[in-house]
Amino acid sequence: MSVAKRWGPYTQMSSLKETGPMIIDRAQGVYVWDEAGRRYLDAHAGLWLANIGYGRSEIIDAVALQAQKLSWFSSFGGFSNRPSMALAERLINLLEPDGMGSVFFSNDGSEAVETALKISRQYWKARGMAQKFKLIGRHHAYHGVTMGALSVAGITLNRQAFEPLLTGVRHAPAPYRQHCTFHPNDSICSLACAREVERIIQFEGSGTVAAFIAEPIQAAGGVIIPSRDYLRQVRDICRRYDVLFIADEVVTGFGRLGDWTGSRYYGIQPDLMTFAKGITSGYLPLGATAVAPHIMETFIAQSQDGPEFRHGNTYSGHPLASAAALANIDIIENEGLLEHAAQMGDYLHRQLLSLSSQFSALVTDADCVGLLGRVEIISSSEGAGKRGAKMARHMLDNGVIVRPVGDVITLSPPLIITEPEIDFLIDALREALQAVGD
Ligand SMILES: Cc1ncc(COP(=O)(O)O)c(C=O)c1O
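Sequential numbering of the sequence shown, starting at 70, is according to the numbering used here.
So, in structure tokens, the structure goes:
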């Protein structure tokens with residue numbers, strides 16, 4: 070039997086036997102091209118991340134310049150490099166309204182989350198409360214692929230093959246208004262899911278719970294947009310019970326919601342925040358875990374000899390990734406991309422609402438915050454997810470890339486998208502709805 074040499078991530082390899090994968094050859098702005106020269110509007114920003122768009126020479130130049138000077142050196146044991154120092158400074162200035170004081174670098178979102186979980190556990194040990202080690206995640210959450218990140222994640226299919234996962238992890242319900250298990254028939258949200266977090270903490274005993282982790286909007290779970298007050302209520306609960314609040318901003322950070330962070334959009338200050346993806350818009354891999362000053366102070370106050378935090382990646386603080394992130398932040402600031410994302414988000418929202426009223430028999434929900442959106446459709450008689458997959462396929466054939474999550478078409482275009490490009494996306498959605506509704 071011949072087998073593929075390249076084993077693709079989250080890929081059904083058996084289905085690629087005849088055709089092989091779809092090779093993307095080049096990209097510019099909001100578009101990517103396959104090897105046959107066909108152009109696609111990337112309405113998913115790759116994987117929620119090409120925020121400034123593709124092919125920006127400023128980033129390429131910044132990385133090349135840095136590579137000529139210092140391609141890499143260790144950040145372990147007291148070494149550092151200027152780009153990562155400058156990036157830390159820049160990030161902490163940016164994240165001041167979120168209450169962050171220090172940042173730890175890694176390579177991707179999974180590592181940023183893993184770092185946050187390990188910091189949370191050690192934090193309570195450092196404060197003499199070793200029994201405070203449990204973690205609370207949520208159903209439908211995606212936090213990455215490492216065993217800790219997977220343990221707090223809540224997408225069952227992703228977890229099953231790797232069980233048993235970490236012990237001491239509990240899961241709260243997602244704030245999924247369209248599929249509320251508490252009051253499925255009420256149009257007014259009572260935020261029972263937020264109170265459930267409190268119930269879990271009470272049941273476990275607050276003296277045993279280290280941290281709660283949440284994506285401000287659950288992206289890979291199907292762009293689950295919470296009620297406006299949900300995060301504020303859960304933040305208050307965590308504060309009341311002395312449970313650290315980790316905001317996983319891997320998707321929502323760096324402009325996706327029209328603000329620097331999802332936490333700021335929803336008016337909360339977490340204890341820890343995780344970033345990746347949009348921090349470099351994908352030009353190079355980089356993860357970051359930011360912490361509030363009280364966390365770092367607690368670590369520094371430990372009296373042990375040696376590193377206060379026995380954790381680090383070979384490429385922590387990589388100078389090339391740091392240079393890419395700095396140039397990426399420059400572009401976001403200089404081109405006003407936060408404001409632009411908010412404006413384009415308003416425009417997208419209006420178009421989605423008119424689409425959902427046109428297809429009211431098929432579309433059960435169409436919504437977005439900034440440029441993170443969803444169109445949910447009724448499952449077909451063939452089974453859950455079949456109609457969503459068909460719709461995405463139809464759109465691909467019409468030159469638009471989206472990502473189906475079951476029967477939710479998720480949208481996350483580059484922040485530089487324009488109104489005519491949104492119109493093109495909406496036309497493709499409309500045609501696909503027409504095709505799958507028949
Ligand atoms: C919210 C969130 N956290 C963490 C991750 C993991 O990031 P990575 O794939 O870079 O490890 C993802 C990836 O999609 C994510 O969406």
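No residue lacks a Cβ here, since even glycine has one placed at the ideal position from N, Cα and C.
Residues VAL182, ALA218, VAL221, ALA222, ASP317 of the same chain have their beta carbon placed closer than 6 Å to that of HIS212, with the five preceding and five following residues left out of the count.
In this chain, the alpha helix (DSSP H) harbouring LEU156 covers 151-163. Scanning the stretch 288-317 from its first residue to its last, the whole alpha helix (DSSP H) runs of 4-plus residues come out as 299-309. By the Cβ-count criterion, GLN81 is exposed, with fewer than 16 other Cβ atoms from all chains shown falling within 10 Å of its own Cβ. Under DSSP, HIS240 shares a beta bridge with GLY206. DSSP places TYR334 in the uninterrupted alpha helix (DSSP H) bounded by 331-334. TRP102 sits in a strand when the DSSP states are folded into three classes. By the criterion of a C-beta distance shorter than 7 Å, LEU156 is surrounded in its chain by SER391, ALA394, LEU395, once the five residues flanking it on both sides are discounted. In the DSSP secondary-structure assignment, ALA359 is bridged to VAL172, MET342. In this structure, the beta-carbon distance from GLY356 to GLY178 falls below 8 Å. Non-local beta-carbon contacts of GLN247 in its own chain, meaning distances under 6 Å to residues more than five positions away in sequence, involve ASP434 in chain order. Under the three-state reduction of DSSP, VAL221 is assigned to helix. Under DSSP, ILE478 forms a beta bridge with VAL444, PRO473. For GLY213, the shortest C-beta to heavy atom distance toward ligand 1 is below 7 Å.
Annotated three-state conformation of ALA283 is strand, per DSSP. In the structure shown, the three-state DSSP call for THR277 is helix. With a 10 Å radius around the Cβ and a threshold of 16 neighbouring Cβ atoms, HIS113 comes out buried.
Within 10 angstroms of the beta-carbon of ASP328 lie 16 or more other beta-carbons, which makes it buried.
A distance criterion of 7 Å places the beta-carbon of SER179 in contact range of ligand 1, judged by its closest non-hydrogen atom. Taken in chain order, the complete alpha helix (DSSP H) segments of 4 or more residues contained in the stretch 387-462 are 388-403, 406-427.
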